[in-house]
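Residue numbers (this note's numbering), protein chains in the order written: chain Z, 2 to 366; chain Y, 2 to 366; chain R, 2 to 393; chain S, -17 to 272; chain P, 207 to 505. Glycine is no exception: its CB is placed at the ideal position from the N, C-alpha and C atoms. Model, not experiment: these values are computed from the prediction. Before any comments, here is the structure.
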Amino acid sequence: MAPILEINNLFKSYGTVEILKDINVAIEQGDFLVLVGPSGCGKSTLLNCIAGLEPISGGEVRIGGRDMTSVSPKDRDIAMVFQSYALYPTMTVAKNITFGMKVRGVDQVTQAEKLAHVAQQLQIEPLLNRKPGHLSGGQRQRVAMGRALVRDPKLFLFDEPLSNLDAKLRVEMRTEIKSLHQRLGASMVYVTHDQIEAMTLATKIVVMKGGVIQQIGTPAEIYNHPANLFVADFMGSPAMNLIPAKARSGSAGTTIEIARKSGGSMVLTDRKNLSLPEDVIIGVRPENIADANAHSRPDSQEADCVIDIVEPAGADTYAVMELGGKHVTARLHAETTAAPGIKQRLAFDLGKVSYFAPDTGLRLN
Amino acid sequence: MAPILEINNLFKSYGTVEILKDINVAIEQGDFLVLVGPSGCGKSTLLNCIAGLEPISGGEVRIGGRDMTSVSPKDRDIAMVFQSYALYPTMTVAKNITFGMKVRGVDQVTQAEKLAHVAQQLQIEPLLNRKPGHLSGGQRQRVAMGRALVRDPKLFLFDEPLSNLDAKLRVEMRTEIKSLHQRLGASMVYVTHDQIEAMTLATKIVVMKGGVIQQIGTPAEIYNHPANLFVADFMGSPAMNLIPAKARSGSAGTTIEIARKSGGSMVLTDRKNLSLPEDVIIGVRPENIADANAHSRPDSQEADCVIDIVEPAGADTYAVMELGGKHVTARLHAETTAAPGIKQRLAFDLGKVSYFAPDTGLRLN
Amino acid sequence: EPTAEVLHYWTSGGEAKSVAVLQKEFADKGGSWTDMPVAGGGGDAAMTALRARVLSGNAPTAVQLKGPAIQEWYEEGVLADISSVAEANDWETVLPASIAGHMKCEGTWCAAPVNVHRVDWIWANAEVLNANGIEMPTTWDEFNAAADKLQEAGIIPLAHGGQAWQDATIFEAVALGILGPDGYRKAFVELDNETLTSDAMIAVFDQMRTLRGYVDSNFSGRDWNLATSMVMNGEAAFQIMGDWAKGEFMAAGKVPGEDFLCASAPGEGFLYNVDSFAMFDVDGDDKKAGQELLAELVVGQNFQKVFNLNKGSIPARTDVALDEFDDCARLSADDMQASSDSDALLPSYAHGMALRGAQAGAITDVVTAHFNSDMSSADAVQMLADGIANSM
Amino acid sequence: MIKWLEENTPKLVLAPSFIAVLIFVYGFIAWTAWVSLTRSRLLPKYEIEGFIQYERLFASPRWETAFGNLFVFGTLFIVIAMVLGLALAILLDQNIRTEGAIRTIYLYPMALSMIVTGTAWKWILNPGLGLEAMVRGWGFENFTFDWLIDPDKAIYTIVLAAIWQSSGFVMALFLAGLRSVDGEIIKAAQVDGIPTWRVYTAIIIPAMAPIFLSAFIVLSHLAVKSFDLVIALTGGGPGYATDLPATYMYAMAFSRGDIGQAASSAMIMMLVVFSIVVPYLYSELRSKDG
Amino acid sequence: MVDLSLAQTPHQAEGRTGRLILRWMLYILLLLFALFYLLPLFVMLTTSLKSLEEIRTGDLIALPRDVTFAAWRTAWSEACTGIQCEGVRPFFWNSVLIAIPAVVISTLLGAMNGYVVAQWNFRGANLFFSLMLFGCFIPFQVVLLPMARVLGLIGMAGTIPGLIFVHVIYGLGFTTLFFRNYYVSIPSELTKAAKVDGAGFFRIFWSIFLPLSLPIIVVTVIWQFTQIWNDFLFGVSFSQAGTQPVTVALNNIVNSTTGVKAYNVDMAAAIIAGLPTLLVYVIAGKYFVRGLTAGSVKG
Ligand SMILES: Nc1ncnc2c1ncn2[C@@H]1O[C@H](COP(=O)(O)OP(=O)(O)OP(=O)(O)O)[C@@H](O)[C@H]1O
Ligand SMILES: Nc1ncnc2c1ncn2[C@@H]1O[C@H](COP(=O)(O)OP(=O)(O)OP(=O)(O)O)[C@@H](O)[C@H]1O
Ligand SMILES: [Mg+2]
Ligand SMILES: [Mg+2]
């Protein structure tokens, strides 16, 4: 079967500025593709190009195997939630949601059913007779969602559809979307900057930067094996610690030497057999630096560190220290004894680290 | 010294619908007040009332000790970031940001300096000559931030200012805001639905629901001592587990009996001296249910539970089971051995639980 | 220095040249002339402007006004008295009595006449008449007979433009022919109800109905000069129109008597349309001096001659030598003299000389409604009586 | 004091216009009402005589025609011009390359004084000179187009010319409205699978409701005041078949020196306007608050 | 820019041709309308290029046999408008002096009024607006006489400022209408943001609203300029010798009742008199820009 969406060598410019450069992505029926990337990297533009709302400067967009490059948006059989909502200002919430169905000649009863269902999912039942101008930000966003959810298209496009919802509602919505995805086997392209959303929803994540795709992979691949420094740095919150280090191969494995603020250095040993250049950047996620007493993993290496800052954050406490000239964050227990200025024994999980070349930024292991 | 902002018995209706009901809040110079609550609960409306952009139906708003109820917004010495951005469409980004200064007669040089500074903070230097229509969502939001940050007002009002930014940028912005707050000792009222933002930024959190304040307190108070079921449920992600239970006082403390799905019950003993009614709801946060081997806290009580679902989420793994007829989430290590259908020994941290009355929803301990 | 701001509606080429003569004479006598022309709607626009000027307390020095309108303005108390000029120049004797009557307001002179247009002219294409062996008709029956003949020959008997004032123009010519001078005076000057509802009046409308049959079907809204063109081209044979139509013939290089013929419309009498200047009350000696100078010049021999040569009308004063005038004008002048003597020199109602606007308008409404529909003559007469009653 | 000034700036800004309107519109309407109760002729008089002018007005068959014409003309003109203007605006909104030129062509009739265009129209519509003669000249001997000279149909030629003159402006008005609708909303509709015509009928046009009010007011104002048009095209003829209240009033006030009569007809005209515009205005302004 | 190009059919090849056909139909339709609008102009132009002789003898709406520009010269600089035979040229300047200030003032005032009514809601704003609107309907014939009185009283009778004053007053209803109805659809968040930024009433108007108003300014200017430039009634009533606008001159050329009619000059004069208005349409038309509020607010 042809991929449901296939983007080949897509280029897009606004005037002389190239916004999207050589985008190649394909997703299968039922895939859930999440687009992530820094603000302004071209995610919305890519969605717009897929929807046919912006003319593309090069390449092609195929949906369901057909070249859609010159097909108008309304014939592409897609539903879309806009980052800016784009509600119809003169229609009530109910009309906003049912209008598409009405136009397609769906009968009244079905319309009413679907409306009721979606309104209940989105918790907007009391708002159905309001105009968009009289809604709160989050309510507007939910209406925008509703407009897409009543449809039954080949492809859903969501542009940060939950950004204005409170955490609780967001979790519920996320679940709704996931179940919609599973129930209908619908294909989705989803833009978000919420890492948890990306991780829990995606079957495939695309990380973009400045209009160029950095990595495509499953959430686990992206999280655990970032393809380059950018991805490593971008995914995960708090971000992965990226610490310049010297690598030296030895018989017991590779020793990694990291400069301390106080002078001297901290030495860790990775027992795997790696062939690393001398200058590397070691990437280690905060949750892989823990209180020594708490963890005892096979690949853990313990070391003492002087903590600079302690930031309690409910379930965890973050500790910041300086290593290799960088601020390094560790995620400790909420009840950790760590305190600023005090030496603390920490465990580094070397089974989970990534190594990058400082010059190219590419992954080495 | 008079509180910088004092809201007394504020009511606000749109037509016949009461949106805000008897709001009373006061913040001191330098306070960082975060407003949270479900979508549509009246947060933006409250900000609008503080700013004087919406007439209030009752009560008063005092800023810097002065009754501001009939003072026009421009004389209230506030800066505001709108949830809907509200950028000036015909002005460039630079003009959007400097407009307020220009209006106030700030000299050109200072304007340019501040603009440069803010643009660098917000990473929007390359965009300064664009019009808002040519920006991405996140870029627009940053411009909206910029417009407030160049000002030097008595009070900042932020309405979900970071909702459209990617995680990395959001962390950076959060730090900027925090340092702005500390550097200037500025007072802020900040709406967010990001719990981490709320926790890390606030000196004081107001939780609202349906236009009524539910609790006012420091982040720790709100997180650890939620005043009622609503707050308990609302704050924290994943949400606090709220499990119906039977409490019985005994010599060793209070025994808490929770029904299991398989029949029978799980019994935990809280060694503190509490006087609880028989029917209670016990609130326990996911991070307070952990792998038994990992923790060993004084107040921990261990028990075997059958896990229904396991959700890996990067740094942690969430395990869901059924207790007291509810889905209960536990936060386990990423490397936990827990698997669906398998019995797992878990540690419940009873030092951190809350008890609520099922009927009133109010906190009991 | 005498000054005058003159509000008038003579703006076409020939008319303008005529006024320029006056201006020149005025200037030669040391006066300064400010021109304030407002054309349109047979002077309606000028009257509109005049009203606004008078109300804003900024009346022009002299205004082209005619007929009963002069008296109406006088009644508003805004006209000046120029009796001194009139008496010094002996207007009483040089002007025909009925025309002089229009220039006086309660015995004092308040306006100066410029010219006399004859309205009840009938124009014809000489060639067409010749070809069909037709003489200029002298009664309406003759006219009808000639018209029938022409119609058979495939020629439009009567060129006419379907505009209310043109309808009224032929109507009054017909009325004069059928009612006779006395009947006309009774009906359209004195508004005598008996005459208005008499059988003769029904006959007038009947003749109108007959004329309607001689007009081509496309006449609605046609300008009078296009109708004149039709006569010139031989498309049509006759046109009933005032003597300004002569200007069109002349402008096209046609010669009276050879290319086209002029005759008074069938029947006795002479309907005149006299243009005149009324003097408004103004402040300032220079303006007053201007008014007097203007009045004197307007009625002066030279101006009366030169102006009317240009304009196609004839002088208002009867003692001007007519050597330079064309045959039609001379005929007109002779007729005027004769009519004046036989008391058949009558004001044109269609051109606002006989009645006040409201009454004249009421009559025109009926005339044009009748002419453009299939209303019966009896109904028309009834409407006429009602309309006049309602306009009082 | 400064504070007071500031709070009341909006009202102060409106004040001059408000006063001007009070005096120069409502004051003058009151004046007209007064005069309509007098026997004013050439110039206004102020002795009240009662309702004679209204009695005269309603006894006048010409007024009857004029008044009836107002409804025929007004309805046709407003409806057609509105529909045509909107249609043209929508067509022009389709990324037409020569938009500027076409827009100017549609608009230019407004630029020319009706004093003269009326003559051109008169010729075009005249069966013997214009269209009918032309088409017959092409060999269609039976073609007839003689509304101009038919007392029952002449009013439609006025409608035609009026539409010709004003629909371009209505188009411009709607075009401005179309251009102010947010593009994102249109995009959303496209993705929603809404056909273009529905996008216009259901989304863009409702969003332009206030512009409709503008167009409606402009057109009804033109309908009520159409004056030069009639004078230039038919002079009210054939007979007075195409008279409108405005021409009636003008004739009374300025050709016939019957100002009292003119004032009474003006009052009736305004009454008509009032009864049509006020309900519309009411619903329009209400829905804005709601 | 939003492309609302017409419907496309599913199959691409067909889609292309289908679209092409629609596009052609669209252009043909536009062209047909253009012809309808141009017809009278065609008659006027051809007539203005004929000699009087040809008009008298020939077919009125036929093409000219010999093209002559004599009528244009006459209309511009020789035609008589009374004793003065200088064509419409001398009156042009009066019209410019009247139209430009009147258009500017009435547009500006209308914009302000519209801005207040649409964005600074206070009690009575709608009432004010309704009063204003209703003012559009007062027949000008009615106001002529009392207005003349008032102008006389304030000493502006017969002057250009007097005419400007009259045009401004009776233009206000429309300009207010246009702007109010345009401004009501501008999101109120913009005003709010500007208020917080410290901008006052005028500042917000000047910096935020005026720049947003291009299309409606164009429409208003087109309307006002046309109304004022083509106005005859006020021009003829409230002017005196020396302040008469071009329409009065045109009327004087065209409307002689008893003089010889020169249609070619009439038509040429009318076209000349319409040129400034046309120029305004062309220049102002450029500002019919799309999407001025783009990116201003979300939702
Ligand atoms: N103009 C209005 N007219 C009527 N009701 C309104 C209006 N604006 C907002 N509301 C209602 O008032 C309530 C509070 O709105 P508000 O915008 O303050 O919510 P919020 O707390 O900011 O929500 P969110 O997080 O979704 O932005 C909502 O239920 C909303 O529907
Ligand atoms: N109409 C436009 N003209 C020119 N540049 C534009 C236009 N729209 C967007 N851009 C630029 O294109 C880039 C990509 O924009 P896009 O909206 O796709 O970003 P994004 O990835 O969605 O960002 P965000 O997360 O902030 O919404 C941005 O740098 C933006 O400034
Ligand atoms: Mg985006
Ligand atoms: Mg909000």
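- Just the residues with CB closer than 5 angstroms to a heavy atom of ligand 2, in chain order, which are they? Z:TYR15, Z:ILE20, Z:SER40, Z:GLY41, Z:CYS42, Z:GLY43, Z:LYS44, Z:SER45, Z:THR46, Y:HIS135, Y:LEU136, Y:SER137, Y:GLY138 and Y:GLY139
- Comparing the CB of VAL82 (chain Z) with every heavy atom of ligand 1, is any distance shorter than 7 angstroms? Sequence index remark: in the first sequence, residue 82 (chain Z) carries index 81 (1-based). Not so, every heavy atom of ligand 1 lies at least 7 angstroms from the Cβ.
- Message: Just checking: is the beta-carbon of GLY67 (chain S) within a distance shorter than 8 angstroms of some beta-carbon in chain R?
- Response: Taking the first residue of the fourth sequence as 1, we reach residue 67 (chain S) at position 85. No - not a single Cβ of chain R is within 8 angstroms of the one on GLY67 (chain S).
- Task: Give a single yes or no on whether ASP309 (chain Y) has its beta carbon closer than 7 angstroms to a heavy atom of ligand 4.
- Result: Position 308 of the second sequence, counted from the first residue, corresponds to residue 309 (chain Y). Checking the Cβ of ASP309 (chain Y) against ligand 4 gives no.
- Rounded separation between ARG213 (chain R) and PHE372 (chain R) - CA only: Residue numbering aside, residue 213 (chain R) sits at position 212 when the third sequence is read from its first letter. Residue numbering aside, residue 372 (chain R) sits at position 371 when the third sequence is read from its first letter. Each residue's Cα considered, the two are about 7 angstroms apart.
- So with Cβ pairs under 8 angstroms, would you call GLU114 (chain S) a contact of chain Y? Residue numbering aside, residue 114 (chain S) sits at position 132 when the fourth sequence is read from its first letter. Not an interface residue.
- Among S:TYR232, S:MET249, S:MET190 and S:ALA205, which one has its Cα closest to the Cα of ILE60 (chain S)? As a working note, residue 60 (chain S) is residue 78 in the fourth sequence. Out of S:TYR232, S:MET249, S:MET190 and S:ALA205, S:ALA205 has the C-alpha closest to the C-alpha of ILE60 (chain S).
- Query: Going along the chain, which unbroken runs of the beta strand (DSSP E) with 3 or more residues stay wholly within the region 180 to 228 of chain Y?
  - Reply: 188 to 192, 205 to 210 and 213 to 218
- Message: At the level of alpha carbons, what is the spacing between ASN59 (chain R) and PHE444 (chain P)?
- Response: Looking up residue 59 (chain R) in the third sequence gives position 58. Looking up residue 444 (chain P) in the fifth sequence gives position 238. Between ASN59 (chain R) and PHE444 (chain P), the C-alpha separation is close to 10 angstroms.
- Message: Between which two residues does the alpha helix (DSSP H) holding GLN360 (chain R) run?
- Response: The residue labelled residue 360 (chain R) in the question sits at position 359 within the third sequence. Here the alpha helix (DSSP H) through GLN360 (chain R) covers 358 to 372.
- Message: Does the CB of SER164 (chain Y) have a neighbour CB from chain Z at under 8 angstroms?
- Response: Residue mapping note: residue 164 (chain Y) aligns to position 163 of the second sequence, counting from 1. So, interface residue.
- Message: Please state whether the Cβ-Cβ distance between GLN65 (chain R) and ASP276 (chain R) is less than 8 angstroms.
- Response: On the third sequence, residue 65 (chain R) is found 64 positions in, with the first residue counted as 1. On the third sequence, residue 276 (chain R) is found 275 positions in, with the first residue counted as 1. Their beta carbons are under 8 angstroms apart, which means GLN65 (chain R) touches ASP276 (chain R) by this criterion.
- Query: Quick one: what's got a C-beta closer than 6 angstroms to ILE185 (chain S)'s C-beta in the same chain, skipping five residues either side?
  - Reply: In the fourth sequence, the residue the question calls residue 185 (chain S) occupies position 203. Once the five neighbours on either side are set aside, the close Cβ partners of ILE185 (chain S) are ALA171.
- Between ASP160 (chain Z) and ligand 3, is the CB less than 7 angstroms from at least one heavy atom? In the first sequence, counting from the first residue as 1, residue 160 (chain Z) sits at position 159. ASP160 (chain Z) Cβ: within cutoff of ligand 3.
- When the Cα of TYR233 (chain P) is compared with those of S:MET251, S:VAL173 and S:GLN76, which residue comes out closest? Numbered from 1 along the fifth sequence, position 27 holds the residue referred to as residue 233 (chain P). Taking only the C-alpha atoms, the option nearest TYR233 (chain P) is S:GLN76.
- Message: So ILE287 (chain Y) and ARG332 (chain Y) are supposed to be a Cβ contact under 8 angstroms. How far apart are they, rounded?
- Response: Translated into positions along the second sequence, residue 287 (chain Y) becomes position 286. Translated into positions along the second sequence, residue 332 (chain Y) becomes position 331. Before going further, note that residue 287 (chain Y) is Pro rather than Ile in the sequence given. The Cβ separation is near 4 angstroms, so the contact holds.
- Message: Are the CB atoms of GLY66 (chain Z) and ALA3 (chain Z) within a distance shorter than 8 angstroms?
- Response: Looking up residue 3 (chain Z) in the first sequence gives position 2. Looking up residue 66 (chain Z) in the first sequence gives position 65. Yes.
- Task: Please check the pair PHE206 (chain R) and ALA339 (chain R), which I expect to be a contact at CB under 8 angstroms, by giving their CB distance rounded to whole angstroms.
- Result: One-based indexing of the third sequence puts residue 206 (chain R) at position 205. One-based indexing of the third sequence puts residue 339 (chain R) at position 338. Actually they do not touch by this definition, with Cβ atoms about 29 angstroms apart.
- Query: Closest Cβ-Cβ distance between SER73 (chain Y) and chain S: below 8 angstroms?
  - Reply: Sequence index remark: in the second sequence, residue 73 (chain Y) carries index 72 (1-based). With 8 angstroms as the cut-off, SER73 (chain Y) counts as an interface residue toward chain S.
- Which residue comes first and which comes last in the alpha helix (DSSP H) that contains HIS103 (chain R)? Start at 1 with the first residue of the third sequence, and residue 103 (chain R) comes out as number 102. That run of the alpha helix (DSSP H) goes 98 to 103.
- Specify, as a first and last residue, the run of the alpha helix (DSSP H) that ASP168 (chain R) falls within. Working through the third sequence from its first residue, we reach residue 168 (chain R) at position 167. Unbroken alpha helix (DSSP H) run through ASP168 (chain R): 165 to 189.
- Where the alpha helix (DSSP H) through ASP210 (chain S) begins and ends: One-based indexing of the fourth sequence puts residue 210 (chain S) at position 228. Unbroken alpha helix (DSSP H) run through ASP210 (chain S): 210 to 215.
- Query: GLY163 (chain R) versus chain S: which residues are under 7 angstroms apart at the beta carbon?
  - Reply: Residue 163 (chain R) sits at position 162 when you count from the first residue of the third sequence. By Cβ distance, chain S contributes GLY219 and PRO220.
- Query: LYS(-15) (chain S) versus chain P: which residues are under 7 angstroms apart at the beta carbon?
  - Reply: The count along the fourth sequence starts at 1 and reaches residue -15 (chain S) at position 3. Those do not exist, as LYS(-15) (chain S) stays about 12 angstroms from chain P at its closest Cβ, beyond 7 angstroms.
- Query: Does ligand 1 have a heavy atom nearer than 7 angstroms to the CB of GLY53 (chain Y)?
  - Reply: Against the second sequence, residue 53 (chain Y) aligns to sequence position 52. GLY53 (chain Y) Cβ: outside cutoff for every heavy atom of ligand 1.
- Item | Residue of R:LYS312, R:ARG52, R:PRO257 and R:SER221 minimising C-alpha distance to VAL349 (chain P) | On the fifth sequence, position 143 is the one that residue 349 (chain P) refers to. Here the closest residue by C-alpha is R:ARG52.
- Do you know how far the Cα of LEU150 (chain Y) is from the Cα of GLY404 (chain P)? Position 198 of the fifth sequence, counted from the first residue, corresponds to residue 404 (chain P). Position 149 of the second sequence, counted from the first residue, corresponds to residue 150 (chain Y). Going by the C-alpha atoms only, they are around 14 angstroms apart.
- Task: From the DSSP output, in three-state form, read off GLU337 (chain R) for me.
- Result: Residue numbering aside, residue 337 (chain R) sits at position 336 when the third sequence is read from its first letter. According to the sequence provided, residue 337 (chain R) is Met. The question's Glu does not apply to it. Helix, per DSSP.
- Task: Give the residues from the region 471 to 504 of chain P that approach chain Z closer than 8 angstroms (Cβ to any Cβ), ordered along the chain.
- Result: LYS504
- Message: Give me, in chain order, the residues of the same chain whose beta-carbon lies closer than 6 angstroms to that of ALA277 (chain P); leave out the 5 immediate sequence neighbours on both sides.
- Response: By 1-based counting over the fifth sequence, the position of residue 277 (chain P) is 71. Answer for ALA277 (chain P): SER254, ASN470, VAL471 and ALA474, listed in chain order.
- Could you give the residue range of the beta strand (DSSP E) that holds ASP292 (chain Y)? Against the second sequence, residue 292 (chain Y) aligns to sequence position 291. 290 to 292 is the extent of the beta strand (DSSP E) around ASP292 (chain Y).
- Please name the residues in the region 444 to 456 of chain P whose beta-carbon is closer than 7 angstroms to at least one beta-carbon of chain R, in chain order. PHE444, GLN446, ALA447 and VAL454
- Query: Relative to ligand 1, is the shortest distance from any of its heavy atoms to the C-beta of VAL18 (chain Y) smaller than 7 angstroms?
  - Reply: Taking the second sequence and counting its residues from 1, one reaches residue 18 (chain Y) at position 17. Checking the Cβ of VAL18 (chain Y) against ligand 1 gives yes.
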